[in-house]
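Take a look at the structure set out below.
Numbering (this note's numbering), first residue to last: 65 to 459.
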């Protein structure tokens, strides 16, 4: 007998209907909402309570996985009685697959426009000791003020084209891959939340793969940001990001576009673990305190998680960012023709021996001031971008 206290759902993997006892959340689930049966790991769609189906004809067995008949073209009675099957094509449509990448890329580029002056000051602080040995390092406000006073307000946006291209490639891949891998791990976990180790694994993998394609733009960005610090005779004078990429490859060889690849990979991995994995974990912990809906967390939860992600992203990745900046900006000595650093380990040893271990965290204030707002802008923006994207593609 059909019980009115049970919900009817459709199991796409078997092409049949199954019964589920309602839970405190499932009784409020709307018709057509997807869910995962944790006990069996099955994906399904809620259809309607059994009590509303007792006077209707049995469902049309042709409406199974892959059915092409639109629900709008079915008779009214059949629409009410029949489950809406998720076809493999619909569930893995190009728009659905691309969503984490497109939305992350748009949010990352917007965030870079907002915090570019802070990022520029951070790079200049890291390169100051190399270009001005023995001179005390200026403060973050002094760096920004000196740039505006000397070269005008436009100077604080030097290298913006490289920054946008870097985010369009690296930022898109870094966050999009993390979200894709996290969703895959959560799906394999029966729809339940994954642990921090799995989140960190997704972050490490996504960060490493993204760096592989984004390093050339990172090299161009560092050089364009640090160029105006040099004497006029030593400036490279890149006009835009593509001019920088073309000249670097033609004048120094294609391999020069991947200078600092090793520390950049380590930086990308640590950045993703800090920003994405730690942010996800902080959000999960805050949800237990605030009681927000996990699918629509409140502003307090989102900002708190973003601040935590920004701090750990800065603390874990800054030493590698320092090494990366030094290696990517180095030039041969005019007299000897030798490079100042032989590699990653030599660069780290020279910085520690000459400037002290704390020098690896040089510019932490500026770096955190960059990472935290960058994370907050991305995480606050990406939700709105996802909403518009989903509405546009009817996902």
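The C-beta atom is built at its ideal place from N, Cα and C for all residues, glycine as well.
| query | result |
| --- | --- |
| For residue 222, the three-state DSSP class (helix, strand or coil) | coil |
| Nearest residue (CA-CA) to residue 197, options 441, 433, 316, 415 | 415 |
| Residue 190 classed as buried or exposed, judged by whether at least 16 other C-beta atoms fall within 10 angstroms | buried |
| Which of helix, strand or coil DSSP assigns to residue 447 | helix |
| Backbone secondary structure at residue 397 - three-state DSSP | coil |
| Three-state secondary structure assigned by DSSP to residue 385 | helix |
| Opposing strand residues paired with residue 247 [DSSP bridges] | For residue 247, which the question treats as bridged, DSSP gives no partner whatsoever. |
| Residue 377 versus residue 335: straight-line alpha-carbon distance, rounded | 5 Å |
| Member of 394, 408, 409 whose CA lies at the smallest distance from the CA of residue 402 | 394 |
| Residues near residue 341 in its chain [Cβ-Cβ closer than 6 Å; skip 5 each side] | 263, 264, 267 |
| 3 or more residues per run - each beta strand (DSSP E) lying fully within the region 298–339 | none |
| Beta-bridge partners of residue 357, as assigned by DSSP | 360 |
| Cβ-heavy atom distance, residue 437 to the ligand FMN, below 7 Å | Only the bare structure without any ligand can be found here, which leaves the ligand FMN out of the picture. |
| Residue 422 beta carbon less than 8 Å from that of residue 171 | no |
| Environment of residue 223 [buried if 16+ CB atoms lie within 10 Å] | buried |
| Counted within 10 angstroms of its Cβ, other Cβ atoms place residue 439 as buried (16 or more) or exposed | buried |
| Residue nearest to residue 185 in terms of C-alpha spacing, selected from 173, 434, 408 | 434 |
| Cα-Cα separation, residue 352 to residue 345 | 11 Å |
| Close Cβ partners of residue 187 (< 7 Å) along its chain, the five nearest in sequence each way excluded | 286, 289, 290, 389 |
| Contact between the region 161–170 and the region 221–237 (3+ Cβ pairs under 8 Å) | yes |
| CB contact flag (residue 228, residue 157, <8 Å) | no |
| Touch test, the region 201–211 against the region 309–320, Cβ-Cβ under 8 Å, three pairs minimum | no |
| Alpha helix (DSSP H) segment containing residue 217, residue limits | Looking at the DSSP string, residue 217 is not in any alpha helix (DSSP H), and its letter there is neither H nor E. |
| Residue 443 beta carbon less than 8 Å from that of residue 372 | no |
| Beta-carbon contacts of residue 239 that lie in its chain and below 6 Å, excluding the five residues immediately before and after | 168 |
| Simplified DSSP state of residue 375, which is helix, strand or coil | helix |
| Beta carbon of residue 324 nearer than 8 Å to that of residue 271 | no |
| For residue 179, the nearest candidate out of 261, 231, 320, 300 (CA to CA) | 231 |
| Option in 357, 343, 387, 457 with minimal Cα separation from residue 193 | 387 |
| Contact under 8 Å by Cβ, residue 282 with residue 328 | yes |
| Reduced DSSP secondary structure (H/G/I, E/B, other) of residue 403 | coil |
| Residue 436 and residue 375 closer than 8 Å at C-beta | yes |
| Backbone CA spacing between residue 182 and residue 295 [nearest angstrom] | 23 Å |
| Short Cβ contact (8 Å threshold) for residue 219 with residue 212 | yes |
| Reduced DSSP secondary structure (H/G/I, E/B, other) of residue 161 | helix |
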